[in-house]
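Chemist: Quick one: the structure is below, and I'll ask about it shortly.
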Ligand SMILES: Cc1ncc(COP(=O)(O)O)c(C=O)c1O
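Residue numbers (the numbering used here): 30 to 472.
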């Protein structure tokens, strides 16, 4: 059965969607969505047949690429067998996926709690850390995004938190690896010293967890300096605080390793995942815990749950997705194509005065735009936008490239199946958009 007997026109799809749905993170009167018909590999196609290169895996989520039949068929097969069971019952998909995650996750991360998406995984990280430690406070950073439910939104440091306040109690900030307006990270010794100071000021015996994105995503693909995550691990160990790595965006191969934190060989106590876990073919999030955390829960009641806990169709999607990553060598491709991306980034940095800095780890990348490099002046105020960034976004859209521009950054996060040629195609379009930005800052 198809969705409708007669296909709608693109105009009708846009009109009804605007009339009857509320768009996230948007001023409703200003939305201008494209009607998408289908997707294949690194491309999506509009209802009138326009091909668009997906340079952001939609929401850094369609990691295996569009139209992947192996995933869809696994979901269909599972749905026909049984589409949903009560979370207190178990299925082969649940057993297999949990065991597979234990195999690929860092260190002795061994036990998983499933959720519907990233925010609930973060929410449960807060709940579980409080249950296990008996402490209340949580530490997080300003330049971060952790989700839009109350707890995750409180941990979120960036401006999207502001309209939602007041939120949950007990969340405090640790220093940023990268200050806004400074392209290089702060010296790691200084960072760790200031972080430990916050721990002491807040009372180490009151702090349940310290939560960081291993590599910060939406807030600028901020790759931490070497030694930073290991230093956080030591601070947490010293004071009995649980280290939580948020890998919702950076996980599942995006950075050229299964998980971003693997680049530094650090094992967090808790790890949150979503997005790439199913390549967004079905909603799924997960919270993983190390053995010692799981052991501590053996005699404690866990007071949290969801109707769609371990939704079996989502679990089947995750199993098939991980199989696709393995069969097609996509994690390795992300590493290799990450080097190609780096060369493109550096070329753009060399040729465009409007580019202030470039960063990438695997296929997790960002181009930072500036008005001037010296003094370093971002193209937007913190939390804002500018005419130049709007012109860049318009150019990309008009030239068939889908990505996200957030504050002064152009994200470059394509599906992991991208080829060298397709990367070249995308960066040629970005090159043209940067010409526009160059002209605008030259006046
Ligand atoms: C690092 C990080 N954590 C958590 C979330 C929230 O995930 P979800 O939108 O699935 O709730 C996101 C979403 O972008 C994210 O990037």
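Backbone N, C-alpha and C fix where the C-beta goes; we use that ideal spot for every residue, glycine too. Treat the numbers as computed from the prediction; the structure is a model and nothing was measured.
I want to know whether the region 66-74 touches the region 361-379 - three or more CB-CB distances under 8 Å.
Modeler: no
Chemist: Per DSSP, which residues does residue 434 bridge with? Please list them.
Modeler: Residue pairing from DSSP places residue 434 in a beta bridge opposite 439.
Chemist: According to DSSP, is residue 276 part of a helix, a strand, or is it coil?
Modeler: Three-state result, residue 276: coil.
Chemist: Heavy atom of ligand 1 less than 7 Å from the Cβ of residue 201, yes or no?
Modeler: no
Chemist: Taking C-alpha atoms, which residue in 186, 294, 148, 409 lies nearest to residue 335?
Modeler: 148
Chemist: By a C-beta neighbour count over all protein chains shown, 10 Å radius and 16 as the cutoff for buried, is residue 83 buried or exposed?
Modeler: buried
Chemist: How about the region 166-177 and the region 331-349: do they share at least three Cβ pairs that are nearer than 8 Å?
Modeler: no
Chemist: Can you tell me the Cα-Cα spacing of residue 91 and residue 166, whole angstroms?
Modeler: 34 Å
Chemist: Considering just the uninterrupted stretch of the alpha helix (DSSP H) at residue 328, what are its terminal residues?
Modeler: Judged by DSSP secondary structure, residue 328 falls outside any alpha helix (DSSP H); it is assigned neither H nor E.
Chemist: Out of 296, 466, 396, which has the shortest C-alpha to C-alpha gap to residue 484?
Modeler: Examination of residue 484 is not possible in this model, given that the chain is present from 30 through 472 alone.
Chemist: Could you check where the alpha helix (DSSP H) with residue 203 kicks off and where it finishes?
Modeler: From DSSP, residue 203 is part of no alpha helix (DSSP H) but of the beta strand (DSSP E) over 200-203.
Chemist: Drop a sphere of 10 angstroms on the beta-carbon of residue 230, count the other beta-carbons inside from all chains shown, and report buried for 16 or more, exposed for fewer.
Modeler: Answer is exposed; the Cβ neighbour count stays below 16.
Chemist: Are the Cβ atoms of residue 341 and residue 101 separated by less than 8 Å?
Modeler: no
Chemist: Could you say if the region 239-246 and the region 258-277 meet the contact criterion of at least three C-beta pairs nearer than 8 Å?
Modeler: yes
Chemist: In chain order, what residues of the same chain lie with their CB nearer than 7 Å to the CB of residue 177, ignoring the 5 residues before and after it?
Modeler: 148
Chemist: Regarding residue 278 and ligand 1, is the C-beta to nearest heavy atom distance less than 7 Å?
Modeler: yes
Chemist: Among the residues of its own chain, which have a CB less than 7 Å from the CB of residue 220, if the five just before and after it don't count?
Modeler: 204, 206, 257
Chemist: Quick one: grab the DSSP three-state call for residue 250.
Modeler: coil
Chemist: Taking the straight line between their C-alpha atoms, what separation do you get for residue 284 and residue 86?
Modeler: 14 Å
Chemist: Check the C-beta distance from residue 317 over to residue 141 and give it rounded, since I have them as a contact under 8 Å.
Modeler: 5 Å
Chemist: Find out if the Cβ-Cβ distance for the pair residue 390, residue 274 is shorter than 8 Å.
Modeler: Here residue 390 is not near residue 274, since their CB atoms are 8 Å or more apart.
Chemist: Just to confirm, is the Cβ distance from residue 129 to residue 351 under 8 Å?
Modeler: yes
Chemist: Hey, out of 428, 135, 424, whose CA is closest to residue 291's CA?
Modeler: 135
Chemist: Can the beta-carbon of residue 175 be found closer than 8 Å to that of residue 151?
Modeler: Using a Cβ distance threshold of 8 Å, residue 175 and residue 151 count as a contacting pair.
Chemist: Are the beta-carbon atoms belonging to residue 438 and residue 186 less than 8 Å from one another?
Modeler: Against a cut-off of 8 Å, the Cβ pair of residue 186 and residue 438 comes out as no contact.
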